[in-house]
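Visitor: Shown below is the structure under consideration.
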Amino acid sequence: MKYTHITVLGNIPIEYDMKTPAKLGDVIASGICNKTVKFKYAVTNNELELQNMINFSHYKDTMLLTNTGLYKKYFFFDNVDYLPIFGDVASVGLDFSELSNQNLALLLAIWSDADRIFLCGYDIEDLDEREILIKVMTNHPTTHFYFCRKPNINKIKLFDHLKNVKVFDYPEFKTYGKN
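Residue numbering for the sequence shown follows the numbering used here, beginning at 11 and increasing consecutively.
What follows is the structure in C-alpha coordinates.
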(Lines of atoms letter the chains of each structure in order from A; the text may use other names.)
(Lines give C-alpha, C1' and ligand atoms only; values in the text may rest on other atoms or scores of the structure.)
Protein backbone atom coordinates (compact mmCIF):
# COMPACT_ATOMS: atom_id res chain seq x y z
CA MET A 11 0.00 0.00 0.00
CA LYS A 12 1.32 3.43 -0.89
CA TYR A 13 0.97 6.03 1.84
CA THR A 14 0.91 9.76 1.16
CA HIS A 15 1.75 11.06 4.65
CA ILE A 16 3.79 9.41 7.38
CA THR A 17 4.89 10.97 10.65
CA VAL A 18 8.10 9.83 12.31
CA LEU A 19 8.41 10.48 16.03
CA GLY A 20 12.09 10.93 16.83
CA ASN A 21 14.10 10.39 20.00
CA ILE A 22 13.20 13.70 21.68
CA PRO A 23 10.03 13.69 23.83
CA ILE A 24 7.64 16.34 22.57
CA GLU A 25 4.66 18.07 24.09
CA TYR A 26 2.32 18.04 21.15
CA ASP A 27 -1.12 16.62 20.50
CA MET A 28 -0.55 13.80 18.03
CA LYS A 29 -4.12 13.83 16.67
CA THR A 30 -3.05 15.85 13.61
CA PRO A 31 -0.37 13.36 12.49
CA ALA A 32 -2.73 10.46 13.15
CA LYS A 33 -5.36 12.05 10.86
CA LEU A 34 -2.83 12.59 8.06
CA GLY A 35 -1.58 9.02 7.91
CA ASP A 36 0.42 6.43 9.76
CA VAL A 37 2.68 7.27 12.69
CA ILE A 38 6.00 5.50 13.24
CA ALA A 39 7.46 5.63 16.75
CA SER A 40 11.21 5.58 17.34
CA GLY A 41 11.45 3.30 20.34
CA ILE A 42 9.12 3.73 23.30
CA CYS A 43 6.85 6.75 23.01
CA ASN A 44 4.18 7.64 25.55
CA LYS A 45 1.60 9.25 23.30
CA THR A 46 -2.10 8.48 23.26
CA VAL A 47 -2.37 7.78 19.52
CA LYS A 48 -1.94 4.32 18.12
CA PHE A 49 1.18 3.73 16.08
CA LYS A 50 1.28 1.68 12.90
CA TYR A 51 4.91 0.78 13.59
CA ALA A 52 7.41 1.14 16.41
CA VAL A 53 11.08 0.64 15.60
CA THR A 54 13.88 -0.40 17.94
CA ASN A 55 17.37 -1.87 17.79
CA ASN A 56 17.49 -2.39 21.57
CA GLU A 57 16.48 -5.67 23.22
CA LEU A 58 15.35 -4.20 26.55
CA GLU A 59 13.24 -1.63 24.74
CA LEU A 60 11.71 -4.36 22.58
CA GLN A 61 10.83 -6.39 25.69
CA ASN A 62 9.17 -3.35 27.25
CA MET A 63 7.18 -2.71 24.07
CA ILE A 64 5.99 -6.32 23.99
CA ASN A 65 4.78 -6.03 27.59
CA PHE A 66 3.26 -2.54 27.27
CA SER A 67 -0.46 -2.76 26.40
CA HIS A 68 -0.29 0.46 24.35
CA TYR A 69 1.77 -1.43 21.74
CA LYS A 70 -0.59 -4.42 21.55
CA ASP A 71 -1.86 -3.47 18.07
CA THR A 72 1.43 -1.97 16.86
CA MET A 73 3.84 -3.81 14.59
CA LEU A 74 7.19 -3.85 16.42
CA LEU A 75 10.06 -3.83 13.94
CA THR A 76 13.64 -4.67 14.85
CA ASN A 77 16.86 -6.08 13.43
CA THR A 78 17.04 -9.72 12.32
CA GLY A 79 19.09 -10.76 15.36
CA LEU A 80 16.41 -9.64 17.80
CA TYR A 81 13.64 -10.89 15.54
CA LYS A 82 15.09 -14.42 15.71
CA LYS A 83 14.81 -14.27 19.52
CA TYR A 84 11.26 -12.84 19.62
CA PHE A 85 9.60 -14.15 16.43
CA PHE A 86 7.01 -16.08 18.45
CA PHE A 87 5.27 -12.80 19.33
CA ASP A 88 2.69 -11.99 16.65
CA ASN A 89 3.45 -8.28 16.51
CA VAL A 90 7.26 -8.58 16.23
CA ASP A 91 8.82 -8.54 12.78
CA TYR A 92 12.15 -7.59 11.24
CA LEU A 93 12.96 -4.42 9.37
CA PRO A 94 13.27 -4.60 5.59
CA ILE A 95 16.61 -4.13 3.88
CA PHE A 96 17.08 -0.45 3.13
CA GLY A 97 19.06 0.50 0.03
CA ASP A 98 20.07 3.78 1.69
CA VAL A 99 22.17 2.05 4.32
CA ALA A 100 24.82 0.97 1.84
CA SER A 101 24.45 3.87 -0.59
CA VAL A 102 25.28 6.52 2.00
CA GLY A 103 27.92 4.44 3.77
CA LEU A 104 26.00 3.52 6.93
CA ASP A 105 26.19 0.44 9.13
CA PHE A 106 22.72 -0.97 9.89
CA SER A 107 23.67 -2.10 13.40
CA GLU A 108 24.82 1.41 14.35
CA LEU A 109 21.68 3.26 13.27
CA SER A 110 19.50 4.84 15.94
CA ASN A 111 15.80 4.13 16.32
CA GLN A 112 14.89 7.44 14.72
CA ASN A 113 17.11 6.78 11.71
CA LEU A 114 15.55 3.36 11.26
CA ALA A 115 12.07 4.90 11.55
CA LEU A 116 12.99 7.49 8.91
CA LEU A 117 14.29 4.79 6.55
CA LEU A 118 11.11 2.77 7.12
CA ALA A 119 8.98 5.80 6.20
CA ILE A 120 10.99 6.25 3.00
CA TRP A 121 10.79 2.53 2.25
CA SER A 122 6.98 2.81 2.58
CA ASP A 123 7.15 5.14 -0.42
CA ALA A 124 5.37 8.04 1.29
CA ASP A 125 5.17 11.32 -0.59
CA ARG A 126 5.43 13.42 2.57
CA ILE A 127 7.32 12.60 5.74
CA PHE A 128 6.83 14.67 8.87
CA LEU A 129 9.59 14.53 11.48
CA CYS A 130 8.44 15.37 15.01
CA GLY A 131 10.83 15.29 17.95
CA TYR A 132 13.69 14.37 15.64
CA ASP A 133 17.08 14.88 17.29
CA ILE A 134 19.33 17.10 15.18
CA GLU A 135 21.46 18.24 18.12
CA ASP A 136 23.50 15.04 17.81
CA LEU A 137 25.91 15.75 14.95
CA ASP A 138 25.98 12.13 13.74
CA GLU A 139 22.17 12.02 13.63
CA ARG A 140 22.10 15.33 11.78
CA GLU A 141 24.63 14.14 9.20
CA ILE A 142 22.69 10.93 8.53
CA LEU A 143 19.41 12.85 8.24
CA ILE A 144 20.85 15.27 5.69
CA LYS A 145 22.43 12.41 3.69
CA VAL A 146 19.13 10.54 3.56
CA MET A 147 17.14 13.67 2.62
CA THR A 148 19.65 14.47 -0.12
CA ASN A 149 19.38 10.91 -1.41
CA HIS A 150 15.57 11.28 -1.83
CA PRO A 151 14.95 14.54 -3.70
CA THR A 152 11.38 13.61 -4.72
CA THR A 153 10.21 12.95 -1.15
CA HIS A 154 9.00 16.01 0.75
CA PHE A 155 10.30 16.22 4.32
CA TYR A 156 8.74 18.46 6.96
CA PHE A 157 10.82 19.07 10.07
CA CYS A 158 8.29 19.92 12.79
CA ARG A 159 9.39 21.78 15.91
CA LYS A 160 8.19 23.93 18.79
CA PRO A 161 7.37 27.50 17.79
CA ASN A 162 10.60 29.46 17.67
CA ILE A 163 11.40 32.85 16.16
CA ASN A 164 14.90 31.66 15.27
CA LYS A 165 14.94 30.02 11.88
CA ILE A 166 16.79 26.80 11.17
CA LYS A 167 19.10 27.32 8.21
CA LEU A 168 20.38 23.76 8.37
CA PHE A 169 18.11 22.57 5.56
CA ASP A 170 18.19 25.67 3.32
CA HIS A 171 20.26 23.90 0.65
CA LEU A 172 17.64 21.13 0.33
CA LYS A 173 14.66 22.02 -1.86
CA ASN A 174 12.62 19.06 -0.58
CA VAL A 175 12.73 20.09 3.11
CA LYS A 176 10.49 22.56 4.91
CA VAL A 177 10.64 23.54 8.58
CA PHE A 178 7.22 23.66 10.28
CA ASP A 179 6.34 24.97 13.71
CA TYR A 180 3.70 22.82 15.43
CA PRO A 181 0.88 25.39 14.86
CA GLU A 182 1.69 25.35 11.11
CA PHE A 183 1.57 21.56 11.22
CA LYS A 184 -1.86 21.66 12.84
CA THR A 185 -3.09 24.10 10.16
CA TYR A 186 -1.66 21.84 7.44
CA GLY A 187 -3.53 18.91 8.96
CA LYS A 188 -6.85 20.75 8.72
CA ASN A 189 -6.48 21.37 4.97
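All C-beta atoms in this analysis are idealised placements derived from N, C-alpha and C, irrespective of residue type, glycine included.
Computed from a predicted structure; not experimentally measured.
For my contact list, K48 and T72 are in at a C-beta cut-off of 8 Å; report their separation, rounded to the angstrom.
Guide: Reading the sequence shown from its first residue, position 38 is the one you call residue 48. Reading the sequence shown from its first residue, position 62 is the one you call residue 72. That pair is a contact at about 7 Å.
Visitor: Is the separation between the beta-carbon of K83 and that of E59 shorter than 9 Å?
Guide: In the sequence shown, residue 83 corresponds to position 73, counting from 1. In the sequence shown, residue 59 corresponds to position 49, counting from 1. No, Cβ-Cβ distance for K83 and E59 is not below 9 Å.
Visitor: Do you know offhand how far G234's Cα is from W121's?
Guide: Residue 234 falls outside the range modelled here, since the chain spans only 11 to 189, and no answer is possible.
Visitor: Is it buried or exposed for A100, if we count other Cβ within 10 angstroms and need 16 for buried?
Guide: On the sequence shown, position 90 is the one that residue 100 refers to. A100 sits exposed, since fewer than 16 C-beta atoms from the chains shown fall within 10 Å of its C-beta.
Visitor: Pick helix, strand or coil for L117, following the three-state DSSP scheme.
Guide: As a working mapping, residue 117 is identified with position 107 in the sequence shown. Helix.
Visitor: Following the continuous beta strand (DSSP E) through T17, name the residue where it begins and the one where it ends.
Guide: Here the question's residue 17 lines up with position 7 in the sequence shown. Per DSSP, T17 belongs to the beta strand (DSSP E) from 15-19.
Visitor: Give the DSSP-derived three-state secondary structure of D91 in the structure shown.
Guide: Counting from one through the sequence shown, the residue named residue 91 turns up at place 81. It is a strand residue.
Visitor: Residue range of the beta strand (DSSP E) that T36 falls in?
Guide: Translated into positions along the sequence shown, residue 36 becomes position 26. Here residue 36 is Asp; the residue named in the question, Thr, does not match the sequence. Segment 36-40, the beta strand (DSSP E) holding D36.
Visitor: Where do the N-terminal and C-terminal ends of the beta strand (DSSP E) with Y81 fall, by residue?
Guide: Within the sequence shown, the letter at position 71 stands for residue 81. Premise fails: Y81 lies in the alpha helix (DSSP H), 78-84, not in any beta strand (DSSP E).
Visitor: Is the distance from the Cβ of A119 to the Cβ of I38 below 9 Å?
Guide: As a position in the sequence shown, residue 119 is number 109, starting the count at 1. As a position in the sequence shown, residue 38 is number 28, starting the count at 1. It is a contact, given that the beta carbons lie within the stated cut-off.
Visitor: Determine the direct distance from the alpha carbon of D98 to that of D105, and round the result to whole angstroms.
Guide: Along the sequence shown, read from residue 1 onward, the residue named residue 105 stands at position 95. Along the sequence shown, read from residue 1 onward, the residue named residue 98 stands at position 88. D105 and D98 have their C-alpha atoms spaced approximately 10 Å apart.
Visitor: Would F155 pass as a contact of L172 if the rule is Cβ separation under 9 Å?
Guide: Reading the sequence shown from its first residue, position 145 is the one you call residue 155. Reading the sequence shown from its first residue, position 162 is the one you call residue 172. In contact: F155 and L172 (Cβ atoms closer than 9 Å).
Visitor: Are the CB atoms of P31 and T17 within a distance shorter than 9 Å?
Guide: The residue labelled residue 17 in the question sits at position 7 within the sequence shown. The residue labelled residue 31 in the question sits at position 21 within the sequence shown. Contact: yes.
Visitor: Keeping to the same chain, check which residues put their C-beta closer than 6 Å to that of Y92; ignore five residues upstream and five downstream.
Guide: The count along the sequence shown starts at 1 and reaches residue 92 at position 82. For Y92, where only same-chain residues beyond five positions count, the Cβ hits under 6 Å are T78, Y81.
Visitor: Going along the chain, which residues of its own chain have a beta-carbon closer than 6 Å to the beta-carbon of I64, five neighbours each way excluded?
Guide: The sequence position of residue 64 within the sequence shown is 54, counting from 1. Counting only Cβ-Cβ distances below 6 Å, and skipping sequence neighbours, we find F87.
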